[in-house]
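Before any comments, here is the structure.
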Amino acid sequence: METGRLGELLSAVGDELDQFNRFEHPDAHHRRTEWTALTQDGLPEQGHGIDAVTKELLDVVVPGGARISEPTFWGYITTGPTTAPILAATAATLAGPQRYMGTAFNHLEERSLDWLRDLCGLPDDLRGVYSSGGSVANLVALGAARQWAFERRGVDVSASGVDAPAAVYASDQVHHTVQRACGVLGIGRGAVRVVPSDDRQRMQPHALRERLDDDARAGLVPVAIVGTAGTTNTGAIDPLRELADIAHERDVWFHVDGAYGLPGRLDERVAPAYDGVDAADSVIVDPHKWLAAPVGVAATYVRDRSLLVRAFRQEPSDYLEGSMPDQDDVAENSMDVIGVPYWDMALELSAPARGAQVWAILREQGREGVRARVRRDNDFARYVTQFAKGDHRLQALTEPTLSIACIRYIGSADDRDNATIDTLNRRLLRQLIRTTPYAPSATMVAGRYAIRPCFINPRTTQEHVDGFLQALLHLGDRLTA
Ligand SMILES: *Cc1c(COP(=O)(O)O)cnc(C)c1O
Numbered sequence: 007m008e009t010g011r012l013g014e015l016l017s018a019v020g021d022e023l024d025q026f027n028r029f030e031h032p033d034a035h036h037r038r039t040e041w042t043a044l045t046q047d048g049l050p051e052q053g054h055g056i057d058a059v060t061k062e063l064l065d066v067v068v069p070g071g072a073r074i075s076e077p078t079f080w081g082y083i084t085t086g087p088t089t090a091p092i093l094a095a096t097a098a099t100l101a102g103p104q105r106y107m108g109t110a111f112n113h114l115e116e117r118s119l120d121w122l123r124d125l126c127g128l129p130d131d132l133r134g135v136y137s138s139g140g141s142v143a144n145l146v147a148l149g150a151a152r153q154w155a156f157e158r159r160g161v162d163v164s165a166s167g168v169d170a171p172a173a174v175y176a177s178d179q180v181h182h183t184v185q186r187a188c189g190v191l192g193i194g195r196g197a198v199r200v201v202p203s204d205d206r207q208r209m210q211p212h213a214l215r216e217r218l219d220d221d222a223r224a225g226l227v228p229v230a231i232v233g234t235a236g237t238t239n240t241g242a243i244d245p246l247r248e249l250a251d252i253a254h255e256r257d258v259w260f261h262v263d264g265a266y267g268l269p270g271r272l273d274e275r276v277a278p279a280y281d282g283v284d285a286a287d288s289v290i291v292d293p294h295k296w297l298a299a300p301v302g303v304a305a306t307y308v309r310d311r312s313l314l315v316r317a318f319r320q321e322p323s324d325y326l327e328g329s330m331p332d333q334d335d336v337a338e339n340s341m342d343v344i345g346v347p348y349w350d351m352a353l354e355l356s357a358p359a360r361g362a363q364v365w366a367i368l369r370e371q372g373r374e375g376v377r378a379r380v381r382r383d384n385d386f387a388r389y390v391t392q393f394a395k396g397d398h399r400l401q402a403l404t405e406p407t408l409s410i411a412c413i414r415y416i417g418s419a420d421d422r423d424n425a426t427i428d429t430l431n432r433r434l435l436r437q438l439i440r441t442t443p444y445a446p447s448a449t450m451v452a453g454r455y456a457i458r459p460c461f462i463n464p465r466t467t468q469e470h471v472d473g474f475l476q477a478l479l480h481l482g483d484r485l486t487a
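Throughout, our numbering is defined as the position within the sequence shown, counted from one, plus 6.
Dropping the structure here:
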């Protein structure tokens, strides 16, 4: 099992990944009989050895992989990683299998959280903790909010549970992980008060005030106001300053979900829309979105991590803290110190050292490198929107704030109703994905079906974006001919 051939075998996998990265291979679906065959014999009784595993990885598993890293993939909000974080993640797998102890990995965990905070222009009294993604990062932030809100009523909610009906406020564009987090936290999914958004998909502050007033009269405990900095659907940014002011006025926790959009602040054309984020009590951002880290890393920031500890700490254990040297011992070995005890601040004990990936990205590209990418991606969304406005066969359904464009094909005939146009665009998107390299996804904007490219892909160029628009017109014309 220990082969001593990691370099040789990794280099073979690396070569295959470089090959995969040219994206000249057929779609995974066309090769599905190959990869389903890998397991058809059931669990092997006798092992096949490392060379068999490597060969199957190279010949079948990698070529059967996803289109997500392709330069023309713009679906959902996801992309494949670049070289530097792949190297760092690979290194961490063996040299830093856990993020603890007096090691470079524990140090990079903490420093990269600070760098990421500084990159996004957040106040330097915020401290972070990584988790696996925005879903968990939101849960951790709302766990802090819940702890804080109930402590103010004299209840340690983490010890004794939720003892009064509570509410969380978010717009109708909020990511559904907020509802799920409220379910897990015992506040209840139904406790999320859905505040309507305006015609640019931003929460309406006056409607938020009304909800807060109603619930205050009903005696509900307000746990948090959630603003989104870059909604998943259209990339809208809630009026964060107004939300922050309302939260301050009512003494309610203010959480900002910037899983996708927080790095958008680096684009000075959009930066003013982030005014108010500095007043947030908690903020999340996903390096595995716009920064193109390998999937599995998000950061939650709060001002006082001891609140996280009160909300999430483990019971003390003899095998962990109990096995540490006495406090006044001078550390002489990496195992004499445990490093920052992240296990007490969120949901995971064992966890990969994700900070090395984030460090590698920021070390490689610097603030200016990330800014250039963010600006370029925002430019793509604006370009697509302008193009759609300039061609009578297309229609732009949003004015992009960040890097998401929402457009549809309407054709030349003006007697088509909405339902017909929706159906046409559904078919168009399927054909686009099946017959061209271009792979955006879709959404609904104010009841209309939209083809929705989200540009966070580090491999995309202007030629790809132009090719997409031409393909869209070509297929649309053909479908309506
Ligand atoms: C993607 C996203 C999430 C969820 O993050 P995951 O990393 O997919 O778990 C939460 N909020 C927003 C605004 C997002 O865009």
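Backbone N, C-alpha and C fix where the C-beta goes; we use that ideal spot for every residue, glycine too.
A quick note: this is a predicted structure, and the numbers were derived from the prediction, not measured.
**Asked** Counting along the chain, where does the beta strand (DSSP E) carrying S356 start and finish?
**Response** Within the sequence shown, residue 356 is the residue found at index 350, counting from 1. That residue, S356, is in no beta strand (DSSP E); it is neither H nor E in DSSP.
**Request:** Quick one: measure Cβ to Cβ for V491 and V174, integer angstroms, because I've assumed they're closer than 8 Å.
**Result:** Lying before the first or after the last residue shown, residue 491 is absent from the chain, which here runs from 7 to 487.
**Asked** Which residues mark the beginning and the end of the alpha helix (DSSP H) in which Q153 is found?
**Response** Counting from 1 along the sequence shown, the entry for residue 153 is found at position 147. Where Q153 is concerned, the enclosing alpha helix (DSSP H) stretches over 140 to 157.
**Item:** Residue interval of the beta strand (DSSP E) (run including A230)
**Value:** Within the sequence shown, the letter at position 224 stands for residue 230. Per DSSP, the continuous beta strand (DSSP E) segment holding A230 begins and ends at 227 to 234.
**Request:** Would you grab the beta carbon distance between V364 and S118 for me? Rounded to a whole angstrom, and I think it's under 8 Å.
**Result:** If you number the sequence shown from 1, residue 364 lands on position 358. If you number the sequence shown from 1, residue 118 lands on position 112. Going by Cβ atoms, the distance from V364 to S118 rounds to 4 Å, so yes, they are a contact pair.
**Message:** Along the chain, where does the beta strand (DSSP E) containing Q401 start, and where does it finish?
**Reply:** Locating residue 401 in the sequence shown gives position 395, counting from the first residue. Counting along the chain, the beta strand (DSSP E) containing Q401 begins and ends at 400 to 402.
**Message:** The alpha helix (DSSP H) that contains I252, what's its start and end?
**Reply:** The sequence position of residue 252 within the sequence shown is 246, counting from 1. Its alpha helix (DSSP H) spans residues 246 to 256.
**Asked** Which of the three DSSP states, helix, strand or coil, is assigned to C126?
**Response** For the purposes of this step, residue 126 is identified with residue 120 of the sequence shown, where counting begins at 1. Three-state result, C126: coil.
**Prompt:** Less than 7 Å between the CB of Y136 and some heavy atom of ligand 1, yes or no?
**Reply:** By one-based count along the sequence shown, residue 136 stands at place 130. Answer for Y136: no, Cβ out of range of ligand 1.
**Message:** For ligand 1, is there any heavy atom lying closer than 7 Å to the beta carbon of A170?
**Reply:** Looking up residue 170 in the sequence shown gives position 164. Checking every heavy atom of ligand 1 against the Cβ of A170, none is found closer than 7 Å.
**Prompt:** According to the Cβ coordinates, are I457 and A448 closer than 8 Å?
**Reply:** Stepping through the sequence shown from its first residue, residue 457 is reached at position 451. Stepping through the sequence shown from its first residue, residue 448 is reached at position 442. Going by C-beta atoms, I457 is nearer than 8 Å to A448.
**Request:** Can you have a look at M450 and say buried or exposed, based on whether 16 or more other CB atoms are within 10 angstroms of its CB?
**Result:** Sequence index remark: in the sequence shown, residue 450 carries index 444 (1-based). By the neighbour-count rule (16 or more Cβ atoms within 10 Å), M450 is not buried but exposed.
**Asked** Along the chain, where does the beta strand (DSSP E) that runs through A261 open and close?
**Response** Translated into positions along the sequence shown, residue 261 becomes position 255. First, the residue type needs correcting, since residue 261 is His and not Ala in the sequence shown. Where H261 is concerned, the enclosing beta strand (DSSP E) stretches over 260 to 263.
**Asked** So the alpha helix (DSSP H) G473 belongs to, where does it begin and stop?
**Response** The residue you call residue 473 lines up with position 467 of the sequence shown. Run containing G473: 468 to 486, per the alpha helix (DSSP H) assignment.
**Item:** Secondary structure of V174, DSSP reduced to three states
**Value:** Stepping through the sequence shown from its first residue, residue 174 is reached at position 168. Note: V174 maps to strand in three-state DSSP.
**Minimum C-alpha distance to F26 - residue among E62, G13, S75, R38** = Within the sequence shown, numbered from 1, the residue matching residue 26 stands at position 20. Relative to the Cα of F26, the nearest Cα in the group E62, G13, S75, R38 belongs to S75.
**Message:** For H31, which residues in the same chain have their Cβ closer than 7 Å to its Cβ, ignoring the five residues on either side in sequence?
**Reply:** As a first step, residue 31 is located in the sequence shown; it is residue number 25 there, counting from the start. Only P69 meet the Cβ criterion.
**Asked** When the Cα atoms are used, what is the spatial distance from Q371 to T109?
**Response** Counting from one through the sequence shown, the residue named residue 371 turns up at place 365. Counting from one through the sequence shown, the residue named residue 109 turns up at place 103. Taking the straight line joining both Cα atoms gives about 24 Å.
**Prompt:** With respect to 7 Å, is the separation between the Cβ of K295 and the closest non-hydrogen atom of ligand 1 below this value?
**Reply:** Counted from its first residue, the sequence shown places residue 295 at position 289. For K295, the Cβ falls inside the 7 Å cut-off from some heavy atom of ligand 1.
**Request:** For the segment 350 to 362 and the segment 312 to 322, state whether three or more C-beta atom pairs, one from each stretch, are separated by less than 8 Å.
**Result:** The answer is yes - the segment 312 to 322 touches the segment 350 to 362, with three or more Cβ pairs under 8 Å.
**Message:** So, under 8 Å CB-CB, P464 and R379 are touching, yes? Tell me the CB distance rounded to an integer number of Å.
**Reply:** Within the sequence shown, residue 464 is the residue found at index 458, counting from 1. Within the sequence shown, residue 379 is the residue found at index 373, counting from 1. P464 to R379, Cβ: 6 Å. Contact.
**Message:** Spatial neighbours of N339 within its chain, please: C-beta separation below 7 Å, excluding the five flanking residues on both sides.
**Reply:** Your numbering for residue 339 matches position 333 in the sequence shown. Same-chain partners within the cutoff: there are none.
**Message:** Could you give the first and the last residue of the continuous alpha helix (DSSP H) run that contains A18?
**Reply:** As a working mapping, residue 18 is identified with position 12 in the sequence shown. Per DSSP, A18 belongs to the alpha helix (DSSP H) from 12 to 26.
**Request:** With distances taken Cα to Cα, identify the nearest neighbour of R433 among V283, R388, L481.
**Result:** Working through the sequence shown from its first residue, we reach residue 433 at position 427. Here the closest residue by C-alpha is L481.
**Asked** Helix, strand or coil for A448 per DSSP?
**Response** On the sequence shown, residue 448 is found 442 positions in, with the first residue counted as 1. Strand, per DSSP.
**Asked** In the segment 63 to 137, which residue ranges form an unbroken alpha helix (DSSP H) of at least 4 residues, counting only runs that do not cross its ends?
**Response** The segment 63 to 137 contains these whole alpha helix (DSSP H) runs: 89 to 101, 110 to 125.
**Message:** Using 8 Å as the cut-off, can you tell me whether the segment 76 to 91 makes contact with the segment 323 to 331, which would need three or more C-beta pairs spanning the two stretches below that distance?
**Reply:** Verdict: no, contact absent.
**Prompt:** How long is the line joining the alpha carbons of S288 and I413, rounded to whole angstroms?
**Reply:** Within the sequence shown, numbered from 1, the residue matching residue 288 stands at position 282. Within the sequence shown, numbered from 1, the residue matching residue 413 stands at position 407. The alpha-carbon atoms of S288 and I413 are separated by roughly 33 Å.
**Prompt:** At which residues does the alpha helix (DSSP H) containing R316 begin and terminate?
**Reply:** Along the sequence shown, read from residue 1 onward, the residue named residue 316 stands at position 310. Looking at the DSSP string, the run of the alpha helix (DSSP H) that includes R316 is 311 to 318.
**Residue environment, G267, which counts as buried when at least 16 other CB atoms sit within 10 Å** = One-based indexing of the sequence shown puts residue 267 at position 261. Under this definition G267 is a buried residue.
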